[in-house]
Each structure stands twice: as C-alpha cells, then as structure tokens.
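Asks:
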Amino acid sequence: MRKSRKHKYNTISGPSPKVEYVAGVLAPTRSNNAVIRYIDYSASRIEAKEVSDIDEFLKTPQPEWATVRWIHVSNTDSYIVGLLQHHFAFHTLTAEDILHVPQRPRIEFFDDHLFVVLSMLKLETHEPNNTILDIEQVSLLLYDNVLLSFQEKPGDVWQSVRGRLHTENRRIRKNGTGYLLYALLDELVDKCFPVLEQYGDILEELEVTTLENPTPYVLHHIHSIKRELALLRRIVWPMREVIDHLYREEGGRIDDSTRPYLRDVYEHNIQIVEIIESYREMVSGLSELYMSAISNRMNEIMKVLTIISSVFIPLTFIAGIYGMNFKYMPELNWTWAYPVLWCVFILITAAMIFIFWRKGWLNRN
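The sequence shown begins at 99 in the numbering used here and counts up by one.
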C-alpha cells in the first residue's frame, strides 16, 4: 500500500517587507527581486515583453493600437508596488494589502478601478510521498484598459492564459480587461480541482489504513487533514462572494457579454465548496471509523484473553484442589496419578478449544 503523503502549509514567503510612506504614498526601496512582464494586445495584434527598467517602462505610454495592457508582477516587493502605486494612483492601504500577506479574499470598488484579493492553491512534490500544499496570494487591480496582477512568489502561473492571448481569433483577444479578469479568476478556480482530487486520494488511503492498521499516527493524520480542509474552506468560501460581487458590478468595467462566464466561474466555486464539505464529512466519518476500529481491536484482544482464561479456569481448579495441605489425599499415593492428571489437563484443554472452534470464537474474521 502506498504511504500516505505529508502535508505542510506555506502561506508566507518570508518576513513582511519594510514599508515607508511619503505624503500618503508608499516610498519605494529599490530591489531587484521582482519580475515584471507586460502584454499589450488587441484583436489583431499582441506584444509581450519582460520589463528590465520599470522606470522607463512607466514613462512609455500604452500604444494606441492596444485595447488592453496587462502588467504582471511576480515575487512582489515594495519597490515595484511603490512605483506602480504612484503611477496608477491606487490607495496606500491597497499597496499594504498587496505586500502584507496573507489577506482574506475580497473585492473593493473605487472610483476608477477595483481591487481583488484571492488565494491560489498549488501542490508541490519535493520528494516521494511528501506533497506540500502551497497557498499563495494573488492581487488584481482592474482599470478601464489596464489590469495589474501581483503574485506573491516567483514563477508564472498564467501560462495557459498567455497561450490563449497569443492565439489569434480567440475571444479573450476581442474583449477588454473585464474578460481578462474573468480568465485569471477562472484559472485560479480551476487550479483548486487537482488539489481536491489529491485530497480525495489521501482520504481513500486513510480509510484503508484506518481499517487495516489504526495507529495513533493515523489519528494524527486524520486531524491534520481536518484542519487543512477547514483552512481550504476559509479560503474558497470568500472567493464565492468576490465572484458574485463582480457578476453584479454596475460600474461598467464588466461587460454584459462577460457576466455569463463569471456565472460559470461562480458555479465552479460552488462545486469546490461542496466537494470540500463532502470531504469534511468523510474526515468526520474517518474519526468515527478509527474509534470503531480501535474498539474492535480491543474486543479482539479481550476475546483472546477471555479464551485463555476460560481454558485455564478448570486446570487451575484441579491444580488448586491437589495443592491443598491435607495430610490424607488418596490420589497422591497412586503410581500413575501424575501422568493421569496431565492427560486430564490435555483432554480438558483440547475439549474446550474444540468447543470454541465450533462456535467460531477462534476465527479472527
């Protein structure tokens, strides 16, 4: 049987960055950790590059042919966030929420943009039978023709979205920033399903292990999975509210043509919540199964001890009679008394074992 996987949480990549403010604006401290990529695109043209000089990039206006500009920052740091805050004039508290992770998933509406905070789930296998659940914050700022995305850690999680953008005649190329926001949300929600499938496999393995070998480690693992599922629920449940608020957004940033797709993402999120709830019920059932298995094992032990005691009761009785300190006991002077007594012991033991076997008490199954 395959060994159960170990799970760990990694929700904060390191110490919170030092943030300084000048006149209500985050004062950037230069750092070279962040990676910035941008994509300018329209229905007929696309341009994607990695930004090497953020100062020069922000001085360059968006091309007239580009209907949407998507700026993605991975491994976010205070320097990049400070420059982007100054350029796009979003609130200082928004910059704090981007930098200080983790934040609760939510959506905030402003006059010229909206701010979305979400969590992304990933499974990373560092060694056999050691799968780590990684929870990473993703922050999104939606303007009329610009979308900013901030990823807490290094890496690029939007490969599939970029692939769709680089394919001509795709719906994403013909729509605005609202549809791009939907595509990113859809990708985040879809990443939850492989994680839940992994948990389903773990629960199936735990069920078998609980029945076959209910050790204290198994109980610890069950409680660990229970805590993890509770954490997943706290992450996924607010995402439903975020998507619902986007669906009902009345500021004009979400086109009517995009709303049905947001409704589809909402339904997927509901499905994820239902799967998590079903898994939580399974974990509760596993706890009861563990206690039942322990009780059955104890009953088996008590049955064995009872059988042993039942076999020795008549033997002890006979031995006790002939162990009394009476001076005159005729059997003590018989020549064959000792071997006869052993024969009686053997016959009684064999008879009782035969009776127990006929009743099925010696059959473990």
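Cβ coordinates follow ideal geometry from the N, Cα and C atoms, glycine included.
How long is the line joining the alpha carbons of Arg346 and Ser355, rounded to whole angstroms?
Replies: Their Cα atoms are separated by approximately 13 Å.
Asks: Nearest to Thr165 by alpha carbon, out of Asn131, Gln257, Ile270 and Glu194?
Replies: Comparing Cα-Cα distances from Thr165 to each of Asn131, Gln257, Ile270 and Glu194, the minimum goes to Ile270.
Asks: If we count the other Cβ atoms within 10 Å of its Cβ and call it buried at 16 or more, is Leu460 buried or exposed?
Replies: Leu460 comes out exposed.
Asks: So, Leu282 versus Trp256, is the Cβ gap smaller than 8 Å?
Replies: Yes, the Cβ-Cβ distance between Leu282 and Trp256 is below 8 Å.
Asks: Mapping DSSP to helix, strand and coil, what is Val117?
Replies: Low per-residue confidence applies at Val117: pLDDT is 46, beneath 50, and the placement is therefore not dependable enough to give any value.
Asks: Just to confirm, are Tyr364 and Arg332 a CB contact at a threshold of 8 Å?
Replies: In this structure, Arg332 does not lie closer than 8 Å to Tyr364 by Cβ.
Asks: Is the number of C-beta pairs between the region 439-452 and the region 396-410 that are closer than 8 Å three or more?
Replies: Yes, the region 439-452 touches the region 396-410.
Asks: Could you compute how far the alpha carbon of Leu263 sits from the alpha carbon of Tyr139?
Replies: Those two C-alpha atoms are separated by around 8 Å.
Asks: Tell me the rounded alpha-carbon separation between Pro312 and Ser382.
Replies: Taking the straight line from one Cα to the other gives about 15 Å.
Asks: Counting Cβ pairs, one atom from each stretch, are 3 or more of them under 8 Å apart for the region 298-318 and the region 174-187?
Replies: At 8 Å Cβ cutoff, the stretches do not touch.
Asks: Buried or exposed: where does Asp195 fall if 16 or more other Cβ atoms within 10 Å of its Cβ makes it buried?
Replies: Buried.
Asks: Which residue comes first and which comes last in the beta strand (DSSP E) that contains Tyr136?
Replies: Counting along the chain, the beta strand (DSSP E) containing Tyr136 begins and ends at Val133 to Tyr139.
Asks: For the putative contact between Leu330 and Ile205, defined by C-beta atoms under 8 Å, what is the C-beta separation to the nearest angstrom?
Replies: In fact, because the Cβ distance is near 20 Å, the residues do not count as touching under 8 Å.
Asks: Quick one: grab the DSSP three-state call for Arg103.
Replies: At Arg103, the pLDDT of 43 sits below 50, so the modelled position is not reliable and the matter cannot be decided from this model.
Asks: My guess is that Leu279 and Leu240 are in contact by the Cβ rule of under 8 Å, so how many angstroms apart are they, rounded?
Replies: Indeed they touch by this definition, with Cβ atoms about 5 Å apart.
Asks: Which residues in the same chain have their Cβ closer than 8 Å to the Cβ of Arg456, if we skip the five residues on either side of it in sequence?
Replies: Contacts found: none.
Asks: For the candidate residues Ala391, Gly274 and Leu286, whose alpha-carbon lies nearest to that of Pro314?
Replies: Among Ala391, Gly274 and Leu286, the Cα nearest to that of Pro314 is on Ala391.
Asks: Whole alpha helix (DSSP H) runs in the region 411-461 with 4 or more residues, listed along the chain?
Replies: Here the runs fully enclosed are 435-456.
Asks: Taking the alpha-carbon positions, what's the Tyr426 to Gly418 distance?
Replies: Cα to Cα, the separation comes out at about 16 Å.
Asks: Quick check on Asp232: does DSSP put it in helix, strand or coil?
Replies: In this structure, Asp232 counts as strand in the three-state DSSP scheme.
Asks: Please report the straight-line C-alpha distance between Val120 and His184, rounded to a whole angstrom.
Replies: For Val120, the predicted structure reports a pLDDT of 43, less than 50, and the residue's modelled location is therefore unreliable. A value from the coordinates is still provided. Between Val120 and His184, the C-alpha separation is close to 11 Å.
Asks: Between Asn131, Gln160 and Val133, which lies nearest to Glu145 when the distance is taken from Cα to Cα?
Replies: For the residues Asn131, Gln160 and Val133, the minimum Cα distance to Glu145 belongs to Gln160.
Asks: State the DSSP-derived secondary structure class of Ala146, mapped to helix, strand or coil.
Replies: It is a strand residue.
Asks: From which residue to which residue does the beta strand (DSSP E) around Leu172 run?
Replies: Residue 172 is actually Ser in this sequence, not Leu. Segment Val166 to Ser172, the beta strand (DSSP E) holding Ser172.
Asks: Considering only the beta carbon of each residue, do Pro200 and Ile233 sit closer than 8 Å?
Replies: It is a contact, given that the beta carbons lie within the stated cut-off.
Asks: Which residues does DSSP list as the beta-bridge partners of Ser237?
Replies: Answer is Val215 and Phe248, bridged to Ser237.
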